Structures are given as C-alpha cells and as structure tokens.
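Input: a single structure, listed below in structure tokens.
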Amino acid sequence: MKKIILYILLVVPFLMNAQNTPAPKQSESILIIGATAHLGTGEAIENSAIGFENGKITFVGTADKADKTAFATIINATGKDVYPGFIAPNNQLGLVEIEAVRATRDDREVGFFNPNIRSIIAYNTDSKVTPTIRSNGVLLSQITPQGGRISGQSSVVQLDAWNWEDATVNTDEGIWMSWPRYYTWTGWWAEPGEIKMNDDYNEQVQAIKDYFKEAKAYANAQPSDEKNLKFEAMKGLFLDGEKSKTLYVRVDFSKAMMEVVNFAKAEDIEVVLVGANDAWMITDFLKENDISLIISQTHRLPSREDEDVDMPFKTPKILSDAGINFALSINDMWQQRNLPFQAGHAVGYGLDYEKAVQAVTLNPAEIMGIEDTYGSLETGKSATLFISKGDVLDMRTCEVEQAFIDGREIDLNNKHKALYEKFKAKYDRQ
Amino acid sequence: MTYPFTAFGWENKPKQETYLIKNATVWTNEADGILENTDVLVEAGKIKKVGKDLKARGAIEIDGTGKHLTSGIIDEHSHIAINRGVNEGTQYSSAEVRIGDVVNSDDINIYRQLAGGVTTAQLLHGSANPIGGQAALIKFRWGATPEQMKFENADGFIKFALGENVKQSNWGDNYRNRFPQTRMGVEQVYEDHFTRAREYEAARKADPINTRRDLEMDCLLEILNKERFVTCHSYVQSEINMLMKVAENHGFVLNTFTHILEGYKVADKMAKHGAGGSSFSDWWAYKSEVLDAIPYNGALMHSQGVTVAFNSDDAEMARRLNQEAAKAVMYGGLSEEEAWKFVTLNPAKLLHIDDRVGSVKAGKDADIVLWSTNPLAVYARAEKTFVDGVLYYDLEQEAAKRAAVQTERARLIQKMLDAKIGGEATQPVRNNKQHLYHCGHLELGSFMD
Chain X
1 MKKIILYILL
11 VVPFLMNAQN
21 TPAPKQSESI
31 LIIGATAHLG
41 TGEAIENSAI
51 GFENGKITFV
61 GTADKADKTA
71 FATIINATGK
81 DVYPGFIAPN
91 NQLGLVEIEA
101 VRATRDDREV
111 GFFNPNIRSI
121 IAYNTDSKVT
131 PTIRSNGVLL
141 SQITPQGGRI
151 SGQSSVVQLD
161 AWNWEDATVN
171 TDEGIWMSWP
181 RYYTWTGWWA
191 EPGEIKMNDD
201 YNEQVQAIKD
211 YFKEAKAYAN
221 AQPSDEKNLK
231 FEAMKGLFLD
241 GEKSKTLYVR
251 VDFSKAMMEV
261 VNFAKAEDIE
271 VVLVGANDAW
281 MITDFLKEND
291 ISLIISQTHR
301 LPSREDEDVD
311 MPFKTPKILS
321 DAGINFALSI
331 NDMWQQRNLP
341 FQAGHAVGYG
351 LDYEKAVQAV
361 TLNPAEIMGI
371 EDTYGSLETG
381 KSATLFISKG
391 DVLDMRTCEV
401 EQAFIDGREI
411 DLNNKHKALY
421 EKFKAKYDRQ
Chain F
431 MTYPFTAFGW
441 ENKPKQETYL
451 IKNATVWTNE
461 ADGILENTDV
471 LVEAGKIKKV
481 GKDLKARGAI
491 EIDGTGKHLT
501 SGIIDEHSHI
511 AINRGVNEGT
521 QYSSAEVRIG
531 DVVNSDDINI
541 YRQLAGGVTT
551 AQLLHGSANP
561 IGGQAALIKF
571 RWGATPEQMK
581 FENADGFIKF
591 ALGENVKQSN
601 WGDNYRNRFP
611 QTRMGVEQVY
621 EDHFTRAREY
631 EAARKADPIN
641 TRRDLEMDCL
651 LEILNKERFV
661 TCHSYVQSEI
671 NMLMKVAENH
681 GFVLNTFTHI
691 LEGYKVADKM
701 AKHGAGGSSF
711 SDWWAYKSEV
721 LDAIPYNGAL
731 MHSQGVTVAF
741 NSDDAEMARR
751 LNQEAAKAVM
761 YGGLSEEEAW
771 KFVTLNPAKL
781 LHIDDRVGSV
791 KAGKDADIVL
801 WSTNPLAVYA
811 RAEKTFVDGV
821 LYYDLEQEAA
831 KRAAVQTERA
841 RLIQKMLDAK
851 IGGEATQPVR
861 NNKQHLYHCG
871 HLELGSFMD
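So the sequence lines, in the order shown, correspond to chains X and F. Take 1 as the starting number for the first sequence in the numbering used here and just add one per residue. Take 431 as the starting number for the second sequence in the numbering used here and just add one per residue.
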C-alpha cells in the first residue's frame, strides 16, 4: 500500500505539470557558468558565463571575467552547452491540434486572396503539442496560415504564455503568398496522373501583379469612406523606407524564384523566399539581390529523380558558402521539436557548427524582425536560452535540462514525459 | 543502357568481390558487442571472418581507421519500389493480392536508401483494409530485376491494419458505408474470415473437386497454419489487445505490430503473447488515434522484453533510420548498442531473417555498411554499402556518378534541341513523377514544380 501511495505521489505531480503553468517573472538574477556558449552570431565561447537579470542578458563572456557575487543564483553548467532559444519559422503550431481532424484545424481559410486573415488570434497557447516542442530547445515560433494565393498574416510568439496576447512578440509581421506553379499534377490519390505544365501560369502571375498594383494604389491614396480590409492589411508592404511587413513567398522552382524576386524589386517590397528548394542553382542571383530564405527541411527528398541524393543535406552549406542569409525550418507542427536536427544534419554535410546554430537563432530572428530582442546571447537582449547536457543538434546527445524565456525558467514537462512516467511506474511495480 | 535504366544506374553491374575492411570499430550486434580496431573479411557474398589483424591475399583492402562498420539497416515497413498503388481499397479483405507482383526495381529511392545504409526492406500493402495484401521482402540489389531483388526463401508475410484508416475515418463524407466503420466491427472482420477459412479448409479436404479454389482463403489458411506471418498496422491499446486475443483464439501468434504507438501501454501483454513492435521513433498528433503516442514507446516496450524495431513508412525517413535509432538513446536512455539493434538485428528477427542478416558475424550475408563516424550520430554518413558482398553504394564513386548524370542530362537536352531545330514534332512538358506512398496518412507525397 505504501508503495502505491509513493508511486502516486511521484506520478501525480508529473501529470499535473503536464498542464504547464507559464512561469512567473524572473525574481532573482542568474549566472550560468562553465558551459560552451553558442552565441547564435556564428561564435562560441568555451568555459563561458551567461548572466541575466529581470529578463535581460547582462553578462556574456568567459567564466573568469564574471563577477559571481553579483548574481543570486549560480548554475554550474560545466561540460554542458548553452544556446539561444531556437526559433521555428513557418509552421502551424497552435493553429492545428490534430492534422486529420477538421475541427482542430485553423490554418487554412477558404478563398484566394486573404491578406487580412490573422493567425495570431487563432493561436492556441494551450496546445498539447507546444510543451513537447519546448523540451528540445525551440522557444519561439512563427505562426503561419496556409492555403489559397495569399494565405494571411503570420505572427511570432514565445512558447510560454497564458493567451495569445502575452504570447506575441511580433504581431502581423508577414503576409504569406504561394507563387503559382509552373507544373501541376492530374488525377487523384488512387489514380495519380501525370504532371503537366500549368497553362494558366502567366494569367495567375498577372492576377497577382494586378492585385498588388491595386493594393499599392490603395496604400498611396487618400483615405476614403469605403475601407478595403484586404488592402488595409497590405499597406505595411508599401511604406517608403523601412517596411512594417514582409512578404513571404512560397516558391521552389528556380525560374519562378527569380520571377518572384524581380517582381518584389519592381514593387519595392521586402520579400523572403520560403521553401526555395532550387536555391542552390541560383546562389549568385540571390546574393546580388540580397534575398533571405526560409529553406525547406533538410529532411526531405531531392526535388528531381536525377538530383544529387544528398542535395537537401548539403544545400545549407552551399547557401552559407555563397553568403546567403537563410533560416532552417521543418514542416509539420508536431515536428518542430526536430528543428535542431535539421541543423545537425546540415553540419554533417559541411555546414559550420556555429553557422548551423545561427540558422535556427539569429537568422530567423532577423528575418522576422525580432533580432533586437531575440536570436543571440548578447547583453541587452532577452534571456531566452537553454542549457543542454550534450550537443543539442545531435539526437544522440540532445538533452535539454533547463530553458528560460525572457528570464523565466519554464516547465519542461510535457504529456509525453508524463505518460512515460505513468507506464514506467506501472511496469516497475509489476 | 544502364541497370536500372534511370539516373545512377550502372553501365557495368558491380560484382561480388573479396573485401578486407581494416581497423574499423565494428558493431557486431552479437555478444562481442562493439569491437575497436577490428577487421572484417568479406568473401563470396558472406562475412568470412571478424577479428584482429586479418590477412587475405588478393582482397581489396579498405581502410576503416576512424570509421564504423555495421550490418546493413533493415526497414520493416516500407512502401517504396512499388508500382501503381499500395492499397487494394475496394474490399475490406484483399489477402489474395501480392506486393511481390508489383515490385519496381527502378525506384531511385532504392539508391537513395543505399546511400543511407539500408540494405533490406519489407514492402508492404497499405492500411486501407483490416486484411491487406501479401508483403514482399527485397534486398537493395540496385540494377537487378524485381525477381532478383527478392530475399530468397524468406517467410511470407501479410499486412493487416487496425484503426482509423480501415474505418475510413479520414476519407471524407463519401466513405461511410463500407463495413467496418468502428473498432468493434474490425474485430468481427477477423473472426468472420478466420472462421470461414477453417470451413473452407474442411470443405476442400472433404470435396476438393467441387469446392472452388479461393486464393484469399488460401492465404488466410497459411496464417492459421503458421506458414505466413502477420505484420499489423496498429495504434491504440484496445485494438492491439483485441488482435492478440483473436490470434490466440485461432491458434497463431501475431508476429509484428507495426506503428504500434500505444504499444507501451500493453508491452507486458505483447511480450507474453510473443508479438514484436515495429514503431515510429517519435511521430504523433497527425491523427486522433496517435494522441497518446510518445517517443519513449520503443524504450518502454523494449524494457518489457518486446523485440522492438524502428521503421520508416516513409521514403524520406528511411534514409535516416540510423538517426531514428539514436532517438531511442535520447528518449528512454537505451545504450547505443541496444538502440542500434532497433534498425538492424531486431527488424531481422521480426522478419525471420536473423539467421542470414542483422549482425556482423561470420557466416552471415555480407550486407554491411561502412560509416564515417558513430552511425547513431546525426553527422554520420554511409560511405560504403554492401549487399551480398557487392559494393552497391560507394561515396568515393559518387562524384563520378553525378558527373555522368549531368553529362547524360546535357546530352538528352541537346538531342531534344537538335530535334526541335530540325523540325521534329514537339509535345507539351509531361512527366510521370513517381508517387511516394504512406500508409499512415493515406495521402500522396510531394511533387516538384
């Protein structure tokens, strides 16, 4: 009987914590000593000290230079690694709970041009998926709608919040568009047909150009009595000088990618290409035009039957060598916990380790306009970071022990750990 | 002419040679464990010897210093290399159909997976039906014909499936009429078919001339008579338990539960019954029935004595099963040696081929892989992949092969341009893009622009 009570006492806290209460504000200053700090800038500091207070990083340097007396809590992280919180671009975390169940999907609205659709107000802070993502070091996410030609607006959130209001760190920062495809496929899933050219390609591209012309005219016109909500949403793309919104375009084919860039230049719009599977073919062009990319997951198949079998694995290195700014990503919302391994895999195919860390920290932060606050371990920035016992980019050694968002130590329990403990306890007492 | 007639085909098919891999870290998967500075001799398609300071005159020597030598990865659940469809979804029992009739040896994914250290895969029927079709087991002998790829004298397997896919839960509003639409109905499909199979057996015995031969029933009888083995797509604990009971009632053992994402909840019962578990490492949240799926599933089943494998069910992931195995270290703290068996020895056991493959042991087939570093590391690359002592993938040759692909591509483009200039008839762009099958999603994979 005593044993059973003991097991219940051990298990119940885990089950309760699977509710993941958001952490309270940082009350005491903290100094993490002795770890290898991967700054996110492309540099690392061995035997480092990272200090933070009131949610902000106050010290970044070597352990011997840190004033331990100035910090209330010292975390000894000798032999461990510290990273900035990883940032997951382009995903539907919190918008979709169960992929196959329609009632749980809020990622795809009906209709073709929906720039006014906003993901942030449909974002569910209490998704059961989110705690499983945080446990692998992903602490921020870009919540992104899909579907149609212009899908809607994305926002960036931190992953330890009570509601979408305190989750958001950059609201409505991007407008998402899927560029028309050169080729479409025929048939249906049981009888797949062949691929053929999209005969409507030119028409569809022209429709986009016309739409943007109208949106631009609306942005530049005197305010009228009749508001066009869709064009209102797009105003931020057309500001003179610094834009308040980025146009993210989903496009993979090399020729189409170049057309998107030329279109954006002509309209003076800040554009980021998403997917960009053929980027390796046009690195010079992308570099000349200073285009940033959110690239498809490393864990995908080559785009063509005769393409190098490791093309997706080595694309990050090719882009890095060409000096192109890119962020790594992964597709399904529950897969965001595998974002670190997209980086790890690229390292195995030549990408420099610290550049790989940068591709999941500072690079996405810059792309999403949150680099003043997040994305690297630098004094003045938010203390959004985590400690891993081993190399977090390798599943063999990944073990996130502690994580902080804005200096608040977050609860790393999740449903999976709780179920593990529950059944481990069952078998242990049998 | 290349073999196969596609990119990365061979102009001259590689042959069995004698190889001596020297001074590698060898993951034996046997009682010897992981051996450092060890040599492996391959001869006539078999592992001839494993030991230190081996010598073999006339052998091609490969320096394994700093590298790791393992047996080839075995994927228990694959849908590559199949022509024109994996689901005979018209009836809820299609035991008579055979994947072996539709194997496609030209699939580039075979080559891509060789580059990921995979040497054998079980090609499965999809999960549209409670009783699916007969599986095919192939070795990745790139360049061979479908018949030549089949694993000789292997036990026959058949695919069963439980849960949402067979209930057609996610097929849309037009699919609400085919029995079964609930898990309750699924059990009765098996009870009914096994009962009728025994009746058919009796009738055939009593009057073979007037009792019509039934290929579907023949297959079901093979299962009941323990001549064919079942691998069953399954998710929740209720249905897993159900099928084990059905099997026990009809006198056979359910060989493998595949996907088996709630296997951890009934691992003790699985071990008692004798069923194996071939799981995803960490997939979840894609359907209702996987809401309690946890990445610790493999480790928990393993702790209760279940033979656990990690599979792919996905052409992309199959290239990285070495990394998926590492997730058993990450989630559940398995030793590296035990985790590696999840993608080598354990699937071999589940497929009844562990007498021939699955470990680095003298006498077994030379299906081995030389890795650049610890195979469980995310940084690892397969450098050489052997099947039956034939070097089917060699990183050193890749550059030359890729150059050949580019040359051929350029030649074909030039030929087309010349033809066009010469006034020959043209047609709009067409492409029979290969289709990537899953049974977990019942959807097609990705296409390029």
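Every residue gets a Cβ at the ideal spot worked out from N, C-alpha and C, and that includes glycine. Computed from a prediction, not measured in an experiment: that's the story for all the values here.
Name the one or two DSSP bridge partners that residue i has.
i: Asp106 of chain X; result: Answer is none; Asp106 of chain X lacks a bridge partner.
i: Arg250 of chain X; result: X:Ser178, X:Val274
i: Trp713 of chain F; result: Per DSSP, none; premise fails for Trp713 of chain F.
i: Gln402 of chain X; result: X:Ile387
i: Arg374 of chain F; result: Outside the shown range of chain F (431 to 879) lies residue 374 of chain F, about which nothing can therefore be said.
i: Asn124 of chain X; result: None, per the DSSP bridge assignment.
i: Glu746 of chain F; result: None; Glu746 of chain F has no bridge partner.
i: Trp770 of chain F; result: Answer is none; Trp770 of chain F lacks a bridge partner.
For residue i, count the other beta carbons within 10 Å of its own beta carbon; 16 or more makes it buried, fewer makes it exposed. Which is it?
i: Ala636 of chain F; result: exposed
i: Thr379 of chain X; result: exposed
i: Trp572 of chain F; result: buried
i: Asp278 of chain X; result: buried
i: Ile324 of chain X; result: buried
i: Thr605 of chain F; result: Contrary to the premise, residue 605 of chain F reads as Tyr rather than Thr in this sequence. So Tyr605 of chain F counts as exposed.
Does any residue of chain F have a CB that is nearer than 7 Å to the CB of residue i?
i: Ile344 of chain X; result: Note that residue 344 of chain X is Gly in the sequence shown here, rather than Ile. For Gly344 of chain X, the answer is yes, since a Cβ of chain F falls inside 7 Å of its Cβ.
i: Met257 of chain X; result: no
i: Val129 of chain X; result: yes
i: Ile295 of chain X; result: no
i: Gly348 of chain X; result: yes
i: His38 of chain X; result: no
i: Leu319 of chain X; result: no
i: Glu305 of chain X; result: yes
i: Arg396 of chain X; result: yes
Does the beta carbon of residue i sit closer than 7 Å to a beta carbon anywhere in chain X?
i: Ser880 of chain F; result: Here chain F comprises residues numbered 431 to 879, so residue 880 of chain F is not present and cannot be evaluated.
i: Arg660 of chain F; result: Sequence check: residue 660 of chain F is Val here, not Arg. Not closer than 7 Å to any Cβ of chain X, the Cβ of Val660 of chain F fails to qualify, so no.
i: Pro444 of chain F; result: no
i: Ile724 of chain F; result: yes
i: Val738 of chain F; result: no
i: Lys699 of chain F; result: no
i: Ile851 of chain F; result: no
i: Ile538 of chain F; result: yes
i: Trp714 of chain F; result: yes
i: Arg832 of chain F; result: yes
i: Lys589 of chain F; result: no
May I have the straight-line CA-CA distance separating residue i from residue j, to the nearest angstrom?
i: Ala365 of chain X; j: Ser802 of chain F; result: 34 Å
i: Phe438 of chain F; j: Val347 of chain X; result: 25 Å
i: Leu362 of chain X; j: Gly61 of chain X; result: 18 Å
i: Ile405 of chain X; j: Thr132 of chain X; result: 15 Å
i: Val156 of chain X; j: Leu721 of chain F; result: 26 Å
i: Ile504 of chain F; j: Phe687 of chain F; result: 16 Å
i: Asn804 of chain F; j: Asp784 of chain F; result: 23 Å
i: Lys569 of chain F; j: Pro576 of chain F; result: 10 Å
i: Gly762 of chain F; j: Tyr420 of chain X; result: 9 Å
i: Gly375 of chain X; j: Ile387 of chain X; result: 15 Å
i: Asn289 of chain X; j: Leu247 of chain X; result: 15 Å
i: Glu46 of chain X; j: Gly34 of chain X; result: 8 Å
i: Glu678 of chain F; j: Asp462 of chain F; result: 37 Å
i: His871 of chain F; j: Phe113 of chain X; result: Here His871 of chain F scores only 41 on pLDDT, less than 50, and its place in the model should not be relied on; the value that follows carries that caveat. One C-alpha to the other measures close to 29 Å.
i: Gly369 of chain X; j: Lys779 of chain F; result: 53 Å
Quick one: list the residues of chain A neighbouring residue i, beta-carbon separation under 9 Å, in chain order.
i: Gln19 of chain X; result: Included in the structure are the protein chains X and F, with no chain A among them.
Among the options, which one has its Cα closest to the Cα of residue i?
i: Glu53 of chain X; options: X:Ile45, X:Ile74, X:Glu46; result: X:Ile74
i: Ala755 of chain F; options: F:Gly681, F:Ala807, F:His507; result: F:Ala807
i: Gly42 of chain X; options: X:Leu247, X:Tyr83, X:Glu259; result: X:Tyr83
i: Ser684 of chain F; options: F:Arg643, F:His663, F:Ile843; result: Looking at the sequence itself, residue 684 of chain F is Leu, so the reference to Ser does not match. Checking every option, the nearest Cα to that of Leu684 of chain F belongs to F:His663.
i: Phe86 of chain X; options: X:Tyr427, X:Phe341, X:Ala322; result: X:Phe341
i: Ala812 of chain F; options: F:Glu826, F:Gly819, F:Asp818; result: F:Glu826
i: Pro444 of chain F; options: F:Thr815, F:Ala855, F:Gly853, F:Leu450; result: F:Thr815
i: Asn459 of chain F; options: F:Gly494, F:His498, F:Ala486; result: F:His498
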